[in-house]
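Enquirer: Just so you know, we're using my numbering here: the sequence shown kicks off at 182 and counts up by one.
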Amino acid sequence: EMVSDPALRDFAEAEIRDTRQHLARIEAELQQQLLPKDPNDDRSIFLEIRAGTGGDESALFAGDLFRMYARFAERNKWQVEVISQSTGELGGYKEIIAKIIGQGAYSRLKFESGGHRVQRVPATETQGRIHTSACTVAVMPEADEIVDVVLSPADLRIDTYRASGAGGQHINKTDSAIRITHLPTGIVVECQEDRSQHKNKARALSVLAARIKDQQLRDQQQKTAATRKSLIGSGDRSERIRTYNFPQGRVTDHRINLTLYKIGAIMDGDLSELTSALSTEHQTEQLSQLSEEVAA
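#1: In whole angstroms, what is the alpha-carbon distance linking Q397 and G285?
#2: L204: buried (16+ other C-beta within 10 angstroms of its C-beta) or exposed?
#3: Would C316 and A243 be called neighbours here (beta carbons separated by less than 7 Å)?
#4: Grab me the residues of M448's own chain with a C-beta within less than 8 Å of its C-beta, minus the 5 sequence neighbours each way, in chain order.
#5: Residues in the same chain with beta-carbon distance under 7 Å from T234, minus the five sequence neighbours each way, listed in chain order, please.
#6: Measuring alpha carbon to alpha carbon, tell me which residue in R206, G296, A324, E270 is nearest R224.
#7: Could you compute how far the alpha carbon of D199 sits from the alpha carbon of Q467?
#8: Could you pull the start and end residues of the alpha helix (DSSP H) that R256 belongs to?
#9: Anyone know if the C-beta pair for V330 and I393 falls short of 7 Å?
#10: With a CB to CB cut of under 8 Å and the five nearest residues on each side skipped, what residues in its chain are close to S357?
#11: Any beta carbon of chain D sitting closer than 7 Å to that of R392?
#12: State yes or no: is the C-beta of A385 within less than 7 Å of the C-beta of V369?
#13: Would you say L337 and I361 are within 7 Å of each other, going by their C-beta atoms?
#14: Helix, strand or coil: which one does DSSP assign to N381?
#15: Could you say if the stretch 281-297 and the stretch 253-262 meet the contact criterion of at least three C-beta pairs nearer than 8 Å?
#16: With H, G and I counted as helix, E and B as strand and the rest as coil, what does DSSP make of G445?
#17: Determine the closest residue to R231 out of R201, K275, Q266, with distance taken between C-alpha atoms.
#18: Can you find the residues in the same chain that come closer than 8 Å, C-beta to C-beta, to I311, ignoring five residues on each side of it along the sequence?
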């Protein structure tokens with residue numbers, strides 16, 4: 182009788198369709214609950230941007246990338262604190278290290294590590310030719326210096342020197358700049374942003390701890406990636422992950438084949454679509470791995 186009543190049949194079909202969609206949503210949520218949570222997700226980060234191939238244009242692009250991440254941090258109400266910087270001759274940065282302080286900064290930005298390539302006509306180009314330059318980005322979770330990394334004084338060489346560059350009349354009067362070398366790994370961190378040697382030393386130690394922790398994480402990721410075909414969480418910094426093509430107005434993430442034609446918005450810190458897509462793909466990879474492990 183119900184089947185012969187068109188209104189009831191339509192109602193029943195709609196109910197079945199809604200229930201199936203609801204079940205699919207619940208299943209997806211349950212699968213996400215099964216995924217191991219990254220213990221570093223809630224942490225603040227250290228962001229390092231280094232100019233690569235491309236000379237002055239690469240340094241200018243490093244400046245653009247730093248502004249992009251700083252604007253993204255602003256949108257998320259996070260705080261940005263520059264730890265050290267080396268400016269380019271025409272502007273931008275040869276290298277900049279900053280701390281981004283905020284709940285969940287690592288979870289949103291952890292897939293930004295790698296090679297970032299820019300294609301555009303540089304300000305210095307008189308013939309209107311498009312140049313290709315590159316920068317490398319490293320995103321490292323802030324390390325808990327008590328739990329994560331033990332820095333033994335015997336493993337550290339600490340040098341002080343006179344700061345150079347911008348800073349006005351006080352900058353060269355005292356040995357406020359600090360260089361710390363971690364002897365077992367050869368990692369070197371310099372900091373001269375503050376007039377206080379004590380503050381520069383504290384900042385340099387926190388960057389050093391993060392770099393050591395980051396090296397441990399990457400070693401672990403590369404071991405895992407050797408057994409899994411992971412595109413996103415491989416920990417490989419030499420890999421080109423993204424291209425910013427200004428003449429075409431597009432940004433392409435090569436790991437997930439995502440192209441967005443909104444380069445202006447992205448360079449102004451609108452990274453949500455990119456970070457969400459990368460996070461979703463990473464979860465898909467994890468679920469696939471989980472299924473394989475269960476099947477095995």
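Even for Gly, the Cβ is constructed at its ideal location relative to N, Cα and C.
Note that the structure is predicted; figures quoted are calculated from it, not measured.
Expert: Working from what's here:
#1: As a position in the sequence shown, residue 397 is number 216, starting the count at 1. As a position in the sequence shown, residue 285 is number 104, starting the count at 1. Their backbone Cα atoms lie some 21 Å apart in a straight line.
#2: Sequence index remark: in the sequence shown, residue 204 carries index 23 (1-based). In summary, L204 is exposed, with fewer than 16 beta-carbon neighbours lying within 10 Å of its beta-carbon over all protein chains present.
#3: Locating residue 316 in the sequence shown gives position 135, where the first residue counts as 1. Locating residue 243 in the sequence shown gives position 62, where the first residue counts as 1. C316 places its beta carbon less than 7 Å from that of A243.
#4: Position 267 of the sequence shown, counted from the start, is the residue given in the question as residue 448. Correct list, in chain order: D245, R248, M249, Y425.
#5: Taking the sequence shown and counting its residues from 1, one reaches residue 234 at position 53. So the qualifying residues of the chain are S314, A315.
#6: Against the sequence shown, residue 224 aligns to sequence position 43. When only C-alpha atoms are compared, the closest one is A324.
#7: What you label residue 199 is simply residue 18 of the sequence shown in a count that begins at 1. What you label residue 467 is simply residue 286 of the sequence shown in a count that begins at 1. Going by the C-alpha atoms only, they are around 28 Å apart.
#8: On the sequence shown, residue 256 is found 75 positions in, with the first residue counted as 1. Counting along the chain, the alpha helix (DSSP H) containing R256 begins and ends at 236-256.
#9: On the sequence shown, position 149 is the one that residue 330 refers to. On the sequence shown, position 212 is the one that residue 393 refers to. Between V330 and I393, the C-beta spacing is below 7 Å.
#10: Locating residue 357 in the sequence shown gives position 176, where the first residue counts as 1. So the list reads T341, R343, A344, Q373, D375, R376, S377, Q378, N381, once near-sequence residues are dropped.
#11: In the displayed structure, chain D is absent; only one protein chain is listed.
#12: Position 204 of the sequence shown, counted from the start, is the residue given in the question as residue 385. Position 188 of the sequence shown, counted from the start, is the residue given in the question as residue 369. At the C-beta level, A385 and V369 stay beyond 7 Å of one another.
#13: Numbered from its first residue, the sequence shown carries residue 337 at position 156. Numbered from its first residue, the sequence shown carries residue 361 at position 180. In this structure, I361 lies closer than 7 Å to L337 by Cβ.
#14: Along the sequence shown, read from residue 1 onward, the residue named residue 381 stands at position 200. It is helical.
#15: yes
#16: The sequence position of residue 445 within the sequence shown is 264, counting from 1. Of the three classes helix, strand and coil, the one that applies to G445 here is helix, per DSSP.
#17: One-based indexing of the sequence shown puts residue 231 at position 50. It is K275 whose Cα lies nearest to the Cα of R231.
#18: Here residue 311 corresponds to residue number 130 of the sequence shown, with the count starting at 1. Here the set comprises Q300, R301, V302, P428.
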